[in-house]
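A quick write-up on the structure given underneath.
There are 2 protein chains.
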Amino acid sequence: MAKPGIKTKVGTTVSTGVDVTREALVHAAIDALKEEGFAGASARAIARRAECNQGLVFYHFGSVANLLLAALDEVSESRRAQYRAAVDGAGSALELVDAAQSVFEDDLDAGHIAVLTEMIAGASATPGLAPEVAARIEPWHTFTATALRRALEHGPLAAVVEPEVAAHAVVALYLGLELLAHLDGDRSRALALFDRARQLATFLQMFGTTSEEETQ
Amino acid sequence: MAKPGIKTKVGTTVSTGVDVTREALVHAAIDALKEEGFAGASARAIARRAECNQGLVFYHFGSVANLLLAALDEVSESRRAQYRAAVDGAGSALELVDAAQSVFEDDLDAGHIAVLTEMIAGASATPGLAPEVAARIEPWHTFTATALRRALEHGPLAAVVEPEVAAHAVVALYLGLELLAHLDGDRSRALALFDRARQLATFLQMFGTTSEEETQ
DNA sequence: GTCTATACTTGGATAGAC
DNA sequence: GTCTATCCAAGTATAGAC
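Which chain is which? The protein sequence lines are A and B, in order.
Under our numbering, residues 1 to 216 are what the first sequence spells out, in order.
Under our numbering, residues 217 to 432 are what the second sequence spells out, in order.
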């Protein structure tokens with residue numbers, strides 16, 4: 001349907017593609033999900049934000065649900081790029097907590113995670129949407145598991161904590177914290193938690209490497 | 217408006233009140249939130265489930281949002297009663313984890329927590345709804361903090377973990393786990409987590425009481 | 001307290017002109 | 001590719017009969 005074969009990407013990153021309205025719709029959908037929630041993210045509301053006609057939603061995406069999934073894709077991928085950068089710069093568990101808090105606050109300020117939670121909650125309303133949303137969460141599990149594995153491999157918890165299991169807890173906790181903070185606008189409780197995590201990381205770092213010298 | 221002064225509660229718990237349709241609407245709203253989500257929980261959909269007329273929603277509750285809040289109240293209070301019973305029966309941290317897993321699975325089977333997450337996510341769509349939902353979550357924080365305080369007070373973590381801060385983490389984690397498990401229908405990852413928590417509780421129990429003999 | 005009927009609004013989706 | 005116009009379904013809410 002849309003985009004009949006002509007890929008417009010020239011270099012590695014192109015901000016001004018030819019599909020101007022298509023991208024405008026995606027970003028309008030993101031904003032609508034953030035500010036009005038799944039129930040408020042209608043084709044008309046999104047088109048109003050994108051300052052274009054409502055019918056273009058269906059021309060470009062076929063349905064509102066597809067546009068919403070495209071919005072989730074966009075947020076999920078761009079956020080993961082940022083997370084990767086933040087995590088790659090963290091050499092220790094302590095720095096990992098700092099990085100986590102940094103992206104947590106960025107997310108909360110910009111409402112990125114609201115897009116995800118709205119889609120998760122909204123998935124119940126639209127048949128067939130749930131597996132699509134679930135598939136887009138899966139990369140976060142592997143990403144988190146990798147980050148945890150790196151952070152824990154030389155510490156005392158390596159033998160106790162399975163990265164895959166802990167990753168699920170981290171993802172769930174992160175979602176829950178964003179959900180609550182986004183609801184009542186109070187992030188102080190979440191920040192107190194990051195403080196505790198910092199103390200825990202510092203404490204655990206006192207126990208040195210278990211098997212070999214650290215190379216970081 | 218509704219219920220002009222006549223309270224029908226005779227004993228402490230009465231299941232067959234006079235407001236039959238009112239209660240039918242509340243329970244239909246609960247089911248609608250569980251199965252169709254916030255976006256699908258319309259006056260018409262709820263009335264269809266309650267097998268009554270759509271106008272009765274407005275007669276009894278004034279608006280759909282009010283009915284949805286009544287549904288949240290009902291679930292929140294009845295669940296808290298069950299949680300309290302489960303937690304009161306738990307004397308040790310290990311038993312507390314067992315109790316938590318038990319209610320977690322009950323909630324997932326019945327979809328109780330979906331009602332809450334749908335209302336949280338849906339709060340963005342309806343002006344003024346967010347603070348109402350937030351107010352109904354607050355009791356869960358105090359409940360969880362109390363349970364944690366009791367479970368930790370004689371253990372080695374008492375000096376390290378602040379119950380209020382940890383309670384927020386527990387509530388957020390619980391919400392996130394239910395959100396994810398409800399989305400993809402896979403609870404195995406959450407159950408693996410409870411297994412780990414059980415091992416941790418057993419491990420911590422090896423360090424005895426810190427200040428005085430345990431009276432349980 | 002419950003029903004029918006209705007007014008009004010919004011939303012999804014399509015057809016056809018440009 | 002974008003717009004106007006339109007159809008139809010579904011939603012909120014109210015009025016009035018019973």
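We put the CB at the ideal spot given by N, CA and C, even for glycine.
Treat the numbers as computed from the prediction; the structure is a model and nothing was measured.
Span of the alpha helix (DSSP H), counted from its first residue to its last, around B/D402 = Residue numbering aside, residue 402 of chain B sits at position 186 when the second sequence is read from its first letter. Segment: none, B/D402 is in no alpha helix (DSSP H) and carries neither H nor E.
Determine whether the Cβ of A/V20 lies closer than 8 Å to any Cβ atom of chain B.
-> Sequence index remark: in the first sequence, residue 20 of chain A carries index 20 (1-based). No, no contact with chain B.
Return the Cβ separation of A/E118 and B/A337 in integer angstroms, given the expectation that the two are a contact with Cβ distance under 8 Å.
-> On the first sequence, residue 118 of chain A is found 118 positions in, with the first residue counted as 1. On the second sequence, residue 337 of chain B is found 121 positions in, with the first residue counted as 1. Contact flag correct, Cβ pair sits at about 5 Å.
Members of the stretch 117-136 of chain A near chain B, C-beta cut-off 7 Å | Cβ contacts with chain B: T117, E118, I120, A121, G122, A123, S124, A125, A130, V133, A134.
Look at the alpha carbon of B/V387 and the alpha carbon of A/G176, and state the distance between them as a whole number of angstroms.
-> Taking the first residue of the second sequence as 1, we reach residue 387 of chain B at position 171. Taking the first residue of the first sequence as 1, we reach residue 176 of chain A at position 176. Looking at the two C-alpha atoms, the distance is approximately 8 Å.
Nearest chain B C-beta to A/R234 closer than 8 Å, yes or no?
-> No answer is possible for residue 234 of chain A: it lies beyond the span of chain A, which begins at 1 and ends at 216.
Is it true that the CB of B/P372 sits closer than 8 Å to the CB of B/A361?
-> The sequence position of residue 361 of chain B within the second sequence is 145, counting from 1. The sequence position of residue 372 of chain B within the second sequence is 156, counting from 1. It is not a contact, given that the beta carbons lie outside the stated cut-off.
First through last residue of the alpha helix (DSSP H) which encompasses A/D19 | Residue 19 of chain A sits at position 19 when you count from the first residue of the first sequence. Unbroken run through A/D19: none, as it is neither H nor E.
Going along chain A in order, which residues have a C-beta closer than 7 Å to the C-beta of B/A498?
-> Because residue 498 of chain B is not part of the residues shown, which for chain B are 217 to 432, the question remains open.
DSSP on A/N66, reduced to helix/strand/coil?
-> Locating residue 66 of chain A in the first sequence gives position 66, counting from the first residue. The answer is helix: DSSP assigns A/N66 an H, G or I state.
CA-to-CA distance, B/H384 to A/A190, given in whole angstroms = Taking the first sequence and counting its residues from 1, one reaches residue 190 of chain A at position 190. Taking the second sequence and counting its residues from 1, one reaches residue 384 of chain B at position 168. About 8 Å.
Which chain B residues are close to A/V97, counting only those with a beta carbon under 7 Å from its beta carbon?
-> Position 97 of the first sequence, counting from 1, holds the residue named residue 97 of chain A. The contacting residues do not exist; A/V97 stays about 14 Å from chain B at best.
Interface residues of chain B facing A/G155 [CB-CB closer than 9 Å] | Reading the first sequence from its first residue, position 155 is the one you call residue 155 of chain A. Neighbours of A/G155 on chain B: none; closest Cβ ~16 Å, over 9 Å.
Keeping to the same chain, check which residues put their C-beta closer than 7 Å to that of B/V313; ignore five residues upstream and five downstream.
-> Within the second sequence, numbered from 1, the residue matching residue 313 of chain B stands at position 97. Answer for B/V313: F410, A413, R414, A417, listed in chain order.
Closest to A/P139 by CA distance: which of A/D107, A/A114, A/V161, A/V75 is it?
-> For the purposes of this step, residue 139 of chain A is taken as the residue at position 139 of the first sequence. In terms of CA proximity to A/P139, A/V75 leads the group A/D107, A/A114, A/V161, A/V75.
Where A/A2 and A/R136 are concerned, what is the direct C-alpha to C-alpha distance, given to the nearest angstrom?
-> Numbered from 1 along the first sequence, position 2 holds the residue referred to as residue 2 of chain A. Numbered from 1 along the first sequence, position 136 holds the residue referred to as residue 136 of chain A. Summary for A/A2: the model assigns pLDDT 40, below 50, so the residue's position carries little reliability; its value from the coordinates is reported in the next sentence. Roughly 22 Å separates the two Cα atoms.
Note down the Cα distance separating B/G307 from B/A363, rounded to an integer number of angstroms.
-> Position 91 of the second sequence, counting from 1, holds the residue named residue 307 of chain B. Position 147 of the second sequence, counting from 1, holds the residue named residue 363 of chain B. The alpha-carbon atoms of B/G307 and B/A363 are separated by roughly 10 Å.
Quick one: what's got a C-beta closer than 7 Å to A/R218's C-beta in the same chain, skipping five residues either side?
-> No answer is possible for residue 218 of chain A: the residues shown for chain A start at 1 and end at 216.
Which runs of the alpha helix (DSSP H) fall wholly inside the stretch 300-357 of chain B and span at least 4 residues, in chain order?
-> 309-326, 328-338
Test item: CB-CB of B/Q298 and B/V319 under 8 Å | Taking the first residue of the second sequence as 1, we reach residue 298 of chain B at position 82. Taking the first residue of the second sequence as 1, we reach residue 319 of chain B at position 103. Between B/Q298 and B/V319, the gap from beta carbon to beta carbon is short of 8 Å.
Buried or exposed for B/G253, please, with buried defined as at least 16 other CB atoms from any protein chain shown within 10 angstroms of its CB.
-> The residue you call residue 253 of chain B lines up with position 37 of the second sequence. By the neighbour-count rule (16 or more Cβ atoms within 10 Å), B/G253 is buried.
Are the C-beta of A/V103 and some C-beta of chain B separated by less than 8 Å?
-> Here residue 103 of chain A refers to the residue found at position 103 when the first sequence is read from its first residue. No - not a single Cβ of chain B is within 8 Å of the one on A/V103.
Go ahead and label A/E178 buried or exposed: buried means 16 or more other beta carbons lie within 10 angstroms of its beta carbon, across all protein chains shown.
-> As a working note, residue 178 of chain A is residue 178 in the first sequence. It counts as buried.
Residues near B/V236 in its chain [Cβ-Cβ closer than 8 Å; skip 5 each side] = In the second sequence, residue 236 of chain B corresponds to position 20, counting from 1. Cβ neighbours of B/V236 beyond the five flanking positions: none.
Could you name the residues of the same chain whose beta carbon sits closer than 8 Å to that of A/H182, not counting the 5 residues immediately before and after it, in chain order?
-> Working through the first sequence from its first residue, we reach residue 182 of chain A at position 182. These residues qualify, in order along the chain: L108, G111, I113, A114, T117.
Using a C-beta cutoff of 8 Å, does B/A388 count as contacting chain A?
-> As a first step, residue 388 of chain B is located in the second sequence; it is residue number 172 there, counting from the start. Taking Cβ atoms only, chain A reaches closer than 8 Å to B/A388, which makes this a yes.
Where does B/T342 land, buried or exposed, given buried means 16+ other C-beta within 10 angstroms?
-> For the purposes of this step, residue 342 of chain B is identified with residue 126 of the second sequence, where counting begins at 1. So B/T342 counts as buried.
Looking at the structure shown, is B/D370 part of a helix, part of a strand, or coil, going by DSSP?
-> In the second sequence, residue 370 of chain B corresponds to position 154, counting from 1. It should be noted that the sequence gives His, not Asp, for residue 370 of chain B. In the structure shown, B/H370 sits in coil (DSSP, three-state: anything other than H, G, I, E or B).
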